[in-house]
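See below for the structure under consideration.
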Amino acid sequence: MNDPIGQAIFDYYVKGEAENIKINTNYTTNEYLSPSYFFRTVAIMPLIEQTALNLSLGKTLDVGAAAGCHTLPLQNKGLNVTALEKSLLSADVMKKRAVENVVCADLYEFHEGNFDTILLLMNGTGIGGTIGGLRKLLLHLKKLLSKKGQILIDSSDIRYLFEEEDGSFWIELTNDKYFGEMRYEVTYQGMTSCFNWLFVDFNTLSDVAKTAGFQCRLIAEGLHHDYLAQLTS
Numbered sequence: 469m470n471d472p473i474g475q476a477i478f479d480y481y482v483k484g485e486a487e488n489i490k491i492n493t494n495y496t497t498n499e500y501l502s503p504s505y506f507f508r509t510v511a512i513m514p515l516i517e518q519t520a521l522n523l524s525l526g527k528t529l530d531v532g533a534a535a536g537c538h539t540l541p542l543q544n545k546g547l548n549v550t551a552l553e554k555s556l557l558s559a560d561v562m563k564k565r566a567v568e569n570v571v572c573a574d575l576y577e578f579h580e581g582n583f584d585t586i587l588l589l590m591n592g593t594g595i596g597g598t599i600g601g602l603r604k605l606l607l608h609l610k611k612l613l614s615k616k617g618q619i620l621i622d623s624s625d626i627r628y629l630f631e632e633e634d635g636s637f638w639i640e641l642t643n644d645k646y647f648g649e650m651r652y653e654v655t656y657q658g659m660t661s662c663f664n665w666l667f668v669d670f671n672t673l674s675d676v677a678k679t680a681g682f683q684c685r686l687i688a689e690g691l692h693h694d695y696l697a698q699l700t701s
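When we follow the numbering used here, the leftmost residue of the sequence shown carries the number 469, and every step to the right adds one.
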């Protein structure tokens, strides 16, 4: 099984420590993420994540739940929460952490509907992979929502990565490929996984959301070009 993130989460849960996850992208190299980040408490979460948890209501779906750091506080508040996670190892950790409703499946193979809130946090737009993939993602999520349901999703505008001191940009931001479409290479203990991951600015998210039949509202902005958006039909 080639599941570096899931293995790191599992090792950290079992041993209380684990090596950092190494991340390379088409823009950056040798960045590291501690597996402990997937176990963080609400108190140390970014403001936009805290805001999303506060706005969650009713029957809730936590997409890409990982170790359950968002699912558990909502469950503890009495919400009916489904933790959706395609990693078998991560799903097993959530069950051991007493997450009551864990579904181990790929999002696009999950069709249970009528959720009042769908959460996609830790750069939730990333799941789309590309701008075209983002529209596919939103159209699928729309089928899972209740009539008056909401999607709470976060992302970052990463154009700051390309800005020079004089305000110019060292790449062309208006070429055919959207600048936030990134290629990730994630490595842990010799296992490597590669996938597309999308960072999208709010205006572009809003435009794509409209094509999928959503209204998009900016809810909160973070300290590092990140933001939380709410999508409703």
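Using N, Cα and C, we set each Cβ at its ideal position, and we do this for glycine too.
Checking the sheet assignment: what are the DSSP bridge partners for residue i?
i: residue 659; result: 656
i: residue 695; result: 623, 689
i: residue 530; result: 551, 587
i: residue 475; result: DSSP output for residue 475 lists no bridge partner at all.
i: residue 490; result: 500, 655
i: residue 664; result: 651
i: residue 613; result: 583
i: residue 618; result: 585, 700
i: residue 683; result: 700
List the whole-angstrom C-beta distance separating residue i from residue j, where the pair is believed to meet the contact cut-off of C-beta under 8 angstroms.
i: residue 578; j: residue 528; result: In fact, because the Cβ distance is near 14 angstroms, the residues do not count as touching under 8 angstroms.
i: residue 666; j: residue 596; result: 5 angstroms
i: residue 520; j: residue 606; result: Residue 520 to residue 606, Cβ: 17 angstroms. No contact.
i: residue 446; j: residue 626; result: Past the boundaries of the shown model lies residue 446; the chain is included only from 469 to 701, so the question cannot be answered.
Out of the options, which has the shortest C-alpha to C-alpha gap to residue i?
i: residue 469; options: 601, 499, 488, 661; result: 661
i: residue 581; options: 484, 613, 617; result: 613
i: residue 622; options: 594, 604, 507; result: 594
i: residue 523; options: 497, 608, 541, 569; result: 541
i: residue 651; options: 517, 598, 515; result: 598
i: residue 531; options: 608, 546, 512; result: 608
i: residue 691; options: 673, 549, 546, 514; result: 514
i: residue 624; options: 683, 508, 688, 678; result: 688
i: residue 601; options: 615, 511, 648; result: 648
i: residue 508; options: 674, 673, 590, 574; result: 590
i: residue 574; options: 646, 697, 668, 555; result: 555
Please work out which residues of its chain come closer than 7 angstroms, Cβ to Cβ, to residue i, disregarding the five sequence neighbours upstream and downstream, and give them in chain order.
i: residue 504; result: 480
i: residue 629; result: 495
i: residue 534; result: 477, 506, 553, 558
i: residue 475; result: 557, 656, 657, 659
i: residue 576; result: 608
i: residue 502; result: 488
i: residue 673; result: 593, 623, 684, 697
By Cβ distance, which residues of its chain are closer than 6 angstroms to residue i, with the 5 residues on each side in sequence left out?
i: residue 670; result: 686, 695
i: residue 570; result: 551, 559, 562, 563
i: residue 592; result: 621, 622
i: residue 700; result: 618, 683
Looking only at its chain, what residues have a beta carbon closer than 8 angstroms to the beta carbon of residue i, apart from the 5 residues adjacent to it on each side?
i: residue 472; result: 489, 654, 655, 656, 657, 659, 660, 661
i: residue 500; result: 488, 489, 490, 491
i: residue 565; result: 481, 535, 536, 540
i: residue 603; result: 596, 676, 679, 680
i: residue 511; result: none
Every unbroken beta strand (DSSP E) within the stretch 544–588, with a cutoff of 3 residues, ordered by chain: 549–552, 583–588
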